[in-house]
Amino acid sequence: MRKTSRLFALLFVTMMFVGAAQTQMQSPFATQNNLNLITPTETLMVSGYDSPNITIALTSPANGSSVSGIFDINVDITSDFGPLNVTLFIEEAIYSAYNETTIGTGPQAITVDSTTQVEGMLNFTLFFEYQTEKETYYLLYFVDNNAFNFEVSWYTPANGSTLTGVESIDLNVTHDFGNLNLTLLVDGVAYAPYTPLLIGSGNISVIVDTSNLWEGYDNFTFVFEYDVLATTFSYVMYLEYLVD
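Residue 6 is where the sequence shown starts when you use my numbering, and the numbers rise one by one after that.
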């Protein structure tokens, strides 16, 4: 059994990267290690109306980015008919401030109070109409009014303890992301099926067969990641166990 001078310690290192994709300082952890992130269940709706006489172009904020408080969806509207009626749906529910509301052409700001919405990645649907002419424009925004809600704690086994046979590392992961990717690295090597694996929020059991691992003190690195459009998040937790 190999020896090591490493201390029995738990080190949390948090890395948050939020914002437009072009401003990210680095690619997701799994991508750097030749692992493919799994796309969570939050998906952009794409069916709807497409009028040849109405054109919508998004100016800001970028599709899929994080929003908070009162913010504007800035669009540039081209219409052969002049002013249109616009209805905003958030998660298929009408946002009362824009319910068949008249809106002009050219640059326009649609103001939304995100504090009235739940946290997380939400569908925003802009529905424009003029008599029988209809146009829909779909967006995803991550509503985040309390900073990213992410907490992780582990129950058993204690950091630095001994693992034998098939073990369950029990965690509690609380977050706003719906689903996120969990990658487990043992001494820097991805451990299947967490390469990565989508997990929800709540109690999580990570099953490890120690017969496939080197005996001695091994580093267990848990990488939690979310990467949808312009919203990314990464959190790394380190544990150390004696494999016997």
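By construction, the Cβ of each residue, glycine as well, lies at the ideal position given by its N, Cα and C atoms. Being a predicted model, the structure only gives us computed values, none of them experimental.
Residue burial classification, residue i (beta-carbon count within 10 angstroms, cutoff 16)
i      : result
GLY69  : buried
ARG11  : Residue placement at ARG11 is flagged as unreliable, the pLDDT there being 37, under the threshold of 50; the coordinate-derived value follows with that caveat. Under this definition ARG11 is an exposed residue.
GLU97  : exposed
ALA235 : buried
ASN177 : exposed
ILE95  : buried
VAL194 : exposed
ASP232 : buried
Alpha-carbon spacing of residue i relative to residue j, whole angstroms
i      : j      : result
THR226 : THR121 : 37 angstroms
TYR135 : LEU127 : 26 angstroms
THR169 : PHE182 : 33 angstroms
PHE129 : THR137 : 22 angstroms
ALA102 : SER173 : 50 angstroms
GLN113 : ASP149 : 24 angstroms
GLY125 : TYR243 : 26 angstroms
LEU190 : ASP223 : 10 angstroms
THR161 : VAL213 : 13 angstroms
PHE76  : ILE115 : 8 angstroms
HIS2   : ALA67  : Since the first and last residues shown for the chain are 6 and 249, residue 2 lies out of range.
Residue i - DSSP class collapsed to helix/strand/coil
i      : result
THR200 : coil
THR116 : strand
THR236 : strand
SER216 : helix
THR167 : strand
THR188 : strand
THR110 : coil
Limits of the unbroken beta strand (DSSP E) element including residue i
i      : result
TYR143 : 138-148
VAL178 : 171-180
PHE4   : An answer regarding residue 4 cannot be provided, because it is not within the stretch 6 to 249 covered by the chain.
GLY125 : 125-135
THR121 : Careful: THR121 lies outside any beta strand (DSSP E) and carries neither H nor E.
Decide yes or no for the touch test of the region 51-68 against the region 78-97: beta carbon pairs closer than 8 angstroms, at least 3 of them. When Cβ pairs closer than 8 angstroms are counted between the two stretches, the region 51-68 is seen to touch the region 78-97, the count reaching three or more.
Between the region 197-206 and the region 161-175, do at least 3 Cβ pairs fall closer than 8 angstroms? Too few Cβ pairs lie closer than 8 angstroms, so no.
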